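Numbering of the sequence shown is given in our numbering, commencing with residue 31 and proceeding in unit increments.
Backbone N, C-alpha and C define an ideal beta-carbon position, used for all residues, glycine too.
Source: prediction; values computed, not measured.
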Amino acid sequence: MLLFAVPLIFSSILQLLFNAVDLVVVGRYVGHTALAAVGSTGSLINLLTNLFIGLSVGANVLVARYIGAKQDKDVHETVHTALLVSVLSGILLALIGVKFAEPLLSLMATPENVLKQSALYLRIYFCGMPVMLLYNFGSAILRAQGDTRRPLYYLFFAGVVNAGLNLFFVHVLHRGVDGVAYATVISQVLAAALIVRNLMHTQTACRLQLKCLRVYPAKLKTMAQIGLPAGLQGCIFSLSNVLIQASVNSFGDIAMAGNSAAANIEGFVYVAMNAFHHTTLSFTSQNYGARQYRRIPKILGWGLLFVTLTGGILGGSVVLFAKPLLGFYTSSPEAIKYGCLRVLYICTVYFTCGTMDVVVGSLRGLGASILPTIVSLIGACGFRVVWIFTVFAQFRSLKTLYLSYPISWILTTSAHLLFFCLIFCKIRKNQQRSLERRVS
Numbered sequence: 031m032l033l034f035a036v037p038l039i040f041s042s043i044l045q046l047l048f049n050a051v052d053l054v055v056v057g058r059y060v061g062h063t064a065l066a067a068v069g070s071t072g073s074l075i076n077l078l079t080n081l082f083i084g085l086s087v088g089a090n091v092l093v094a095r096y097i098g099a100k101q102d103k104d105v106h107e108t109v110h111t112a113l114l115v116s117v118l119s120g121i122l123l124a125l126i127g128v129k130f131a132e133p134l135l136s137l138m139a140t141p142e143n144v145l146k147q148s149a150l151y152l153r154i155y156f157c158g159m160p161v162m163l164l165y166n167f168g169s170a171i172l173r174a175q176g177d178t179r180r181p182l183y184y185l186f187f188a189g190v191v192n193a194g195l196n197l198f199f200v201h202v203l204h205r206g207v208d209g210v211a212y213a214t215v216i217s218q219v220l221a222a223a224l225i226v227r228n229l230m231h232t233q234t235a236c237r238l239q240l241k242c243l244r245v246y247p248a249k250l251k252t253m254a255q256i257g258l259p260a261g262l263q264g265c266i267f268s269l270s271n272v273l274i275q276a277s278v279n280s281f282g283d284i285a286m287a288g289n290s291a292a293a294n295i296e297g298f299v300y301v302a303m304n305a306f307h308h309t310t311l312s313f314t315s316q317n318y319g320a321r322q323y324r325r326i327p328k329i330l331g332w333g334l335l336f337v338t339l340t341g342g343i344l345g346g347s348v349v350l351f352a353k354p355l356l357g358f359y360t361s362s363p364e365a366i367k368y369g370c371l372r373v374l375y376i377c378t379v380y381f382t383c384g385t386m387d388v389v390v391g392s393l394r395g396l397g398a399s400i401l402p403t404i405v406s407l408i409g410a411c412g413f414r415v416v417w418i419f420t421v422f423a424q425f426r427s428l429k430t431l432y433l434s435y436p437i438s439w440i441l442t443t444s445a446h447l448l449f450f451c452l453i454f455c456k457i458r459k460n461q462q463r464s465l466e467r468r469v470s
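So, in structure tokens, the structure goes:
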């Protein structure tokens, strides 16, 4: 699991660096208003993309399951369905993002002095959505067959290009948020091209043949059954985060800048933990497909241990070094003060978010996708929305707002663990009955 997860951690960190470099460059060379403009788009981007990213989770589960069961024809059909769907979904998202960027940002109470720059960044970013989704689906397929190293190499190359182009557009050509957006899109094109090249030259059942690209309805249906609940959960999570971002926006552009920088730093802790979500998901899916049920609780146990250690160590380090880390993004003392506040309330117990995701990975690997979605909607998203309109409305401060995160993670993790025990016990009972029927 560690051999699988560590390259995935570095891949996720590199992917996050795309946005981090954008924030650092505009924050240092353009100013805190540009930093607020770029940072404030994150929750809206996630809201619009998570439904389709959920489909990549469905592709990962399905490919891993068919590989475990040695069903090469089904692997072939799933791969070609997934990659075509990724491009079509990206085109749809690009049209939505370009058309509705400014109205959606206005609904989030984005300040007038930030709105135009945020909308410009968002429009350019969404033009690259087809290649971004192509990369995500392609890397999900590689993870399903146990390959987490090549996506790491590809992202490292793309990340270096992104950093160089950011400095070129902003420092040399004196562009603003549009410059960092163009740099991000170009680097995403390179990463997607490398993934496609790999899939076209692999000798496994996952080999991509352009002439075979088509949507196989049965595979799309199964992929959607697994992935759409995950995507819907991500969308609702993002909706609650959009409400939180709108609440942060009401405190002004300096608070937005500090919040954006802190959220980006937290992202590095999150993606490191989230690697164990994908590891648990892939390992559970393959062993479930191979009917190695006894391994599944061990996979969950190791996943929880690894994610707790990762979240505890990295989250604690961020709290300890918050000021110098935030100083990379902005030189504004007030913005750094706001960022430190967010880091303190979230990163201290951030490992609980990781444990929540790992248990969800196990549940989805077992094919239970709707149940964790419902639990997450109620335990995390619903709780946060209620918190904003009740507790936060009564005690209006950023401290009160940020408290909603750890409380929701703890409640939701507890519920997921309970349902994992119930579902796994049911699977073992069905296995025992099947064995008894064979003996009789």
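Option in the options with minimal Cα separation from residue i
i	options	result
Gln-28	Thr-252, Cys-451, Arg-458 and Met-386	Since the first residue of the chain shown is 31 and the last is 470, residue 28 is not available in this structure.
Ala-254	Ile-75, Ile-39, Arg-394 and Leu-135	Arg-394
Gly-88	Leu-334, Ala-174 and Met-386	Ala-174
Leu-374	Ala-320, Leu-150 and Thr-430	Thr-430
Leu-243	Glu-142, Val-117 and Ser-362	Val-117
Ile-404	Arg-205, Trp-417 and Val-390	Val-390
Asp-177	Gly-264, Val-93, Arg-153 and Thr-382	Val-93
Leu-238	Phe-82, Phe-186, Val-105 and Met-286	Val-105
Lys-367	Gln-147, Thr-140 and Ala-292	Ala-292
Asn-76	Gly-264, Leu-334 and Gly-384	Gly-264
Leu-113	Phe-82, Cys-455, Thr-360 and Met-286	Phe-82
Ile-126	Pro-141, Val-388, Tyr-155 and Gly-206	Tyr-155
Val-299	Ala-260, Arg-227 and Gly-384	Gly-384
Gln-233	Val-207, Trp-417, Asp-102 and Ile-408	Asp-102
Cys-455	Ile-326, Ile-266 and Pro-160	Ile-326
Phe-34	His-307, Glu-132 and Val-128	His-307
His-231	Leu-122, Leu-172 and Val-421	Leu-172
Ile-376	Ser-399, Leu-137 and Gly-342	Gly-342
Ser-406	Gln-424, Ala-423, Ala-398 and His-446	His-446
Between the CA atoms of residue j and residue i - distance to the nearest angstrom
i	j	result
His-110	Leu-428	46 Å
Leu-197	Phe-358	15 Å
Gln-462	Gly-257	29 Å
Val-219	Leu-46	16 Å
Ala-170	Leu-182	12 Å
Ala-305	Leu-32	10 Å
Arg-324	Ile-43	32 Å
Gly-98	Val-215	35 Å
Leu-452	Leu-240	43 Å
Gln-107	Leu-224	Looking at the sequence provided, one finds Glu at residue 107 rather than Gln. Approximately 21 Å, taken between the alpha carbons.
Pro-475	Arg-179	In the structure as shown, the chain starts at 31 and stops at 470, and residue 475 therefore has no counterpart that could be examined.
Leu-185	Gly-297	17 Å
Trp-417	Ile-408	12 Å
Ser-362	Leu-229	46 Å
Glu-142	Ser-280	12 Å
Leu-269	Phe-199	32 Å
Gly-206	Gln-147	8 Å
Thr-420	Ala-410	15 Å
Ser-444	Val-226	40 Å
Lys-129	Val-415	27 Å
Ala-320	Thr-252	18 Å
Val-161	Val-36	25 Å
Val-190	His-201	16 Å
Gly-158	Phe-40	22 Å
Contact under 8 Å by Cβ, residue i with residue j
i	j	result
Tyr-165	Ala-211	no
Asp-283	Val-54	no
Trp-332	Met-386	no
Tyr-318	Leu-250	no
Thr-378	Gly-345	yes
Val-301	Asn-289	no
Ile-329	Phe-313	yes
Thr-442	Phe-381	no
Thr-309	Leu-38	yes
Cys-370	Leu-350	no
Ala-287	Ala-352	no
Ser-86	Phe-167	yes
Gly-120	Ala-260	no
Leu-135	Ala-124	no
Ser-315	Arg-153	no
Val-8	Ala-193	For the chain, the structure presents residues 31 to 470; residue 8 sits outside this window and is missing.
Val-91	Leu-334	no
Ser-392	Phe-449	no
Val-348	Val-245	no
Residue i: CB within 7 Å of a non-hydrogen atom of the ligand MG
i	result
Val-416	As for the ligand MG, it is missing from this structure, which has no ligand bound.
> At what residue ranges does the region 364 to 421 contain a whole run of the alpha helix (DSSP H), taking only runs of 4 or more?
Replying inline: 381 to 395, 400 to 406 and 413 to 417
>> Ignoring anything shorter than 3 residues, give me the beta strand (DSSP E) runs that lie fully in the region 297 to 347, in order along the chain.
In response: none
> Can you list, in chain order, the stretches of the alpha helix (DSSP H) that have 4 or more residues and sit fully within the region 137 to 207?
Replying inline: 142 to 157, 159 to 174 and 179 to 197
> Are there three or more Cβ pairs, one per stretch, closer than 8 Å when the region 264 to 282 is compared with the region 430 to 444?
Replying inline: yes
>> Just to confirm the assignment: which complete alpha helix (DSSP H) runs, minimum length 4, are found wholly within the region 64 to 131?
In response: 72 to 98
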